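Step one of this worksheet: look at the structure below.
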Amino acid sequence: MRTAGLLMVIMVLTCAARGADDPPVIPVGLDAYRMWDKWAQHRIGMRAYMRSTYDRAGGNEAADASHFLYQLAEDFNVTLDVEGPGILYFVRTNHWHGSPWHYVIDGHDNIVAESSTKDPLHPVKDSTFLPAAALPSPLAFTWSQTKGADLMWVPMGFEKSLRLAYSRTCYGTGYYILHHYVGGAKLSQPIKAWDGKTAPDKDVLELINKAGTDLTALVKTELREESGETEVGEETPALELEVDQPMVVRALNFSFPKERALDLSQVWLRLWWDGREQPSVDAPLPLFFGAGTLYNRDNREYLVKAFPVNIRFDSERVHLACYFPMPFFKSMKGQLISKGGVVPDVRWSVRYAPLEGPANHFAYFHATYKDHPNPERGKDNILLDTRTIEGNGDWCGHFVGTSFIFSHDAKLNTLEGDPRFFFDDSNTPQAQGTGTEEWGGGGDYWGGINMTLPFAGHPTGAKDAASARSAEDKIESAYRFLLGDLMPFGRNARIQLEHGGVNDSKEHYETIAYWYGTPGSSLVLTDELKIADEASEKAHNYVSPTASEPIEITSRYELGPDKLDGKEIYPAHTDKGRTMTGASEFTFKIRPDNLGVMLRRKLDYSSPNQRAAVSIADSSDGKVGEFQPAGIWYLAGSNTCLFSRPKGELDPTEHKVQTSNRRFRDDEFLIARDLTAGRSAIRVRIEFTQVKTPLLPNRPLPNLAWSEIRYSAYCFTIPSDR
Numbered sequence: 016m017r018t019a020g021l022l023m024v025i026m027v028l029t030c031a032a033r034g035a036d037d038p039p040v041i042p043v044g045l046d047a048y049r050m051w052d053k054w055a056q057h058r059i060g061m062r063a064y065m066r067s068t069y070d071r072a073g074g075n076e077a078a079d080a081s082h083f084l085y086q087l088a089e090d091f092n093v094t095l096d097v098e099g100p101g102i103l104y105f106v107r108t109n110h111w112h113g114s115p116w117h118y119v120i121d122g123h124d125n126i127v128a129e130s131s132t133k134d135p136l137h138p139v140k141d142s143t144f145l146p147a148a149a150l151p152s153p154l155a156f157t158w159s160q161t162k163g164a165d166l167m168w169v170p171m172g173f174e175k176s177l178r179l180a181y182s183r184t185c186y187g188t189g190y191y192i193l194h195h196y197v198g199g200a201k202l203s204q205p206i207k208a209w210d211g212k213t214a215p216d217k218d219v220l221e222l223i224n225k226a227g228t229d230l231t232a233l234v235k236t237e238l239r240e241e242s243g244e245t246e247v248g249e250e251t252p253a254l255e256l257e258v259d260q261p262m263v264v265r266a267l268n269f270s271f272p273k274e275r276a277l278d279l280s281q282v283w284l285r286l287w288w289d290g291r292e293q294p295s296v297d298a299p300l301p302l303f304f305g306a307g308t309l310y311n312r313d314n315r316e317y318l319v320k321a322f323p324v325n326i327r328f329d330s331e332r333v334h335l336a337c338y339f340p341m342p343f344f345k346s347m348k349g350q351l352i353s354k355g356g357v358v359p360d361v362r363w364s365v366r367y368a369p370l371e372g373p374a375n376h377f378a379y380f381h382a383t384y385k386d387h388p389n390p391e392r393g394k395d396n397i398l399l400d401t402r403t404i405e406g407n408g409d410w411c412g413h414f415v416g417t418s419f420i421f422s423h424d425a426k427l428n429t430l431e432g433d434p435r436f437f438f439d440d441s442n443t444p445q446a447q448g449t450g451t452e453e454w455g456g457g458g459d460y461w462g463g464i465n466m467t468l469p470f471a472g473h474p475t476g477a478k479d480a481a482s483a484r485s486a487e488d489k490i491e492s493a494y495r496f497l498l499g500d501l502m503p504f505g506r507n508a509r510i511q512l513e514h515g516g517v518n519d520s521k522e523h524y525e526t527i528a529y530w531y532g533t534p535g536s537s538l539v540l541t542d543e544l545k546i547a548d549e550a551s552e553k554a555h556n557y558v559s560p561t562a563s564e565p566i567e568i569t570s571r572y573e574l575g576p577d578k579l580d581g582k583e584i585y586p587a588h589t590d591k592g593r594t595m596t597g598a599s600e601f602t603f604k605i606r607p608d609n610l611g612v613m614l615r616r617k618l619d620y621s622s623p624n625q626r627a628a629v630s631i632a633d634s635s636d637g638k639v640g641e642f643q644p645a646g647i648w649y650l651a652g653s654n655t656c657l658f659s660r661p662k663g664e665l666d667p668t669e670h671k672v673q674t675s676n677r678r679f680r681d682d683e684f685l686i687a688r689d690l691t692a693g694r695s696a697i698r699v700r701i702e703f704t705q706v707k708t709p710l711l712p713n714r715p716l717p718n719l720a721w722s723e724i725r726y727s728a729y730c731f732t733i734p735s736d737r
């Protein structure tokens, strides 16, 4: 930088990267960490899901613990059950509760335990996972390091199926993030079944252990750097830099005198990409770097020691560093402004390198800040709705994390609120968690203790108001970053966080949602069939010999509580559908340039364990070609679940059957590219296959059937070139 003031960078490109007809490679398995420099690349043909033990009725029963899909035996209580190839990227449980766990991969039962399992009434200090070699730090941490939770980021591939079960059910809390991929998607390596024995590659462990250090030391291309010193005020002047090719910011650094740390809470960072009217980053500086405040109660060296960002204190200065890759294609503009007076002696640097690859492989980096001073009672706080961002419209990209303040008064009970994330028009959250501190990597409110890990942390806030040493010490914040477990979307994303156990907290929240996004779509709705609608069924040549007569259902999707303070929050609605026990067929229009197709089904979730074999035939010329198998469409469980929360660690399971009034659900199925590419229409055959698994052993089976209310077809596509 050549003039006074901090950070206002304008990078003018003389050429734009050309587009590509093929999607970028999707880093999978340990490559998802190893290829962290590809964080900004689109994941076309990948879907993420977060499942959990949440209260099916929308409340906070037992702190969202111990709600199971079904029980096969007293020591086999199932919380996750999926079919098809994929990768499990993250598992969070509360302490050792539930251990030993069954990780059944492609039919093989891998037993995972925690060293406190043998005598849970006397937990082991510095406990570890067992087998220790397969689940090492920093991809796995127990409650000893996290202050309340067992966390695992070790990728666990499965080629056919995955089932996760708890041996014990006392305080059986958990949430799990997994990915599925369209057949034919460009993966960095084949998916291989996790064997429960092999240790993660050493280079990946060494990489994650570098959290808190200068990650640009890992960048192989030559870096350019501009740096300077300025004072930050209300109108910090702009700075400009011209470059001769597309670039990606690889590091953004600031430092300032230690005694001015609290002043930085009033300093905001703004970044604009490619001349867009609104900034893509517009956030308070401390919260952007992972902390709600720069108050450092215990004089720690690292307030935040995360992988993509860190906050470090030395004897004289505070240092902020960000390593999220930030690509751009025409220009970049940046600015720091102070809303609370002039801050002198602020040093800055920006390091950047040439951007390699086609322009339409990359998305813009965003940090969307929201202030929630008075959360709406009964409704989630909305951290991000991409339909309202920078001129509204469609966005495709991926969600990569949050940094948030959940109290300004050291109140931790608001942490009972669940994360709920919706992608691409779904009315069912593809991600449903069990609580806010669980999302931030803790348990039992972290015991009120601060901690910082590479991908999760609770860096600031006293354990309660009485213990706070100052007003700043009452600012409670947490962060959660997603790398291997990031969540893609093709047209829109809505990131929501419940405030309090039933959206009843009055605490003042401030939130940042980190995400990568490109204006436009990589998932395009091309057709929709409304079951029990005569015109729609005829238009799609719907045939189902065993289908029932139209059934009218009045129910709800799974969201928060129906009522609060006597007021209805989420009213029921009515829809029509059918059930069938044989096969259904219908024809869908699709785009010939598709990269695979996603089917979405609205269904009645009251019928358990709905499973079907899907086959696809070409119907481009109006005729039906030969059907080819596309895989198994399976949705485990139902709106009836097993609740088992015995009081004692070693007490036998309880057999409490619960049925919620939430029967509507949206579910997804991915069709491989080789069955859809080049075709303008496909014929879909759904053949129901019974799953005779009762909720409890020896419990009678209900009537089994496949429910159909609505089908939608979405085509994966390459985003338009810039």
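Each number in this note's numbering corresponds to the 1-based position in the sequence shown with 15 added.
Quick reminder that beta carbons are idealized off the backbone N, C-alpha and C, glycines included.
These numbers were taken from a predicted model, which means no experiment stands behind them.
Between S280 and L309, the CB-CB gap stays under 9 Å. The Cβ-Cβ distance between E522 and G515 falls below 9 Å. A Cβ-Cβ distance of about 28 Å is found for the pair D619 and I510, leaving them out of contact under the 8 Å criterion.
Within its own chain, the residues whose Cβ lies closer than 6 Å to the Cβ of F343, once the five positions on either side in sequence are excluded, are W288, D289, listed in chain order. Cβ neighbours of E487 within its own chain (closer than 7 Å, five residues either side excluded): L277, T308, Y310.
Taken through DSSP and simplified to helix, strand or coil, P205 comes out as coil.
Here P712 is exposed: its Cβ has fewer than 16 other Cβ atoms, across all protein chains shown, within 10 Å. Taking the Cα of E246 as reference, the smallest distance to any Cα among L685, P115, P359 is reached at P359. K553 carries a helical assignment under DSSP once its states are collapsed to helix, strand and coil. The residues A226, G227, T467, in chain order, have a CB closer than 6 Å to that of K320 in the same chain once the five nearest residues on each side in sequence are set aside. Here F91 carries a strand assignment [DSSP, helix/strand/coil]. Between K207 and G412, the CB-CB gap reaches or exceeds 9 Å. Boundaries for L497: no beta strand (DSSP E) harbours it, and the DSSP string shows neither H nor E there. When C-beta atoms of the stretch 587-603 are compared with those of the stretch 558-573, three or more pairs fall below 8 Å, so the two segments count as touching. By the neighbour-count criterion, in which 16 or more other beta carbons inside 10 Å mark a residue as buried, V672 falls on the exposed side. Distance from the Cα of N609 is smallest, within the candidate group E491, P444, A728, for A728. Between F603 and S152, the alpha-carbon positions lie close to 48 Å from each other. Under DSSP, W648 shares a beta bridge with A627. When DSSP states are grouped into helix, strand and coil, R615 belongs to the strand group. Check the Cα spacing between L497 and each of G458, I223, K162: the tightest is with I223.
If you check the CB distance, N624 and L719 come in under 9 Å. Annotation: E513 to E391 spans about 10 Å, alpha carbon to alpha carbon. Here K162 is buried. Its C-beta has 16 or more other C-beta atoms within 10 Å. By DSSP's assignment, N325 forms a beta bridge with K320, A336.
Relative to the Cα of N442, the nearest Cα in the group F421, A508, L95, P135 belongs to A508. Where D46 is concerned, the enclosing alpha helix (DSSP H) starts and stops at 46-49. For the stretch 224-276, the continuous beta strand (DSSP E) assignments of 3+ residues that do not extend past its boundaries occur at 239-247, 262-272, in sequence order. Within the stretch 642-688, the complete beta strand (DSSP E) runs of at least 3 residues fall at 643-650, 655-658, 671-674, 679-686. Excluding residues up to 5 positions away in sequence, K162, G163, E452, H473 lie with their Cβ nearer than 7 Å to the Cβ of W461 in the same chain.
Nearest to S159 by C-alpha distance, out of G356, W111, R183, N75, is W111.
At the C-beta level, A628 and G646 come within 9 Å of one another. Residue pairing by DSSP places F377 opposite Q56 in a beta bridge. G640 is not a Cβ neighbour of P170, given a cutoff of 9 Å. Across the structure, Y379 and G456 are spaced so that their CA atoms are roughly 27 Å apart.
In the structure shown, E452 adopts helical secondary structure according to DSSP, grouped into three states.
Here T674 is exposed, its C-beta having fewer than 16 other C-beta atoms within 10 Å.
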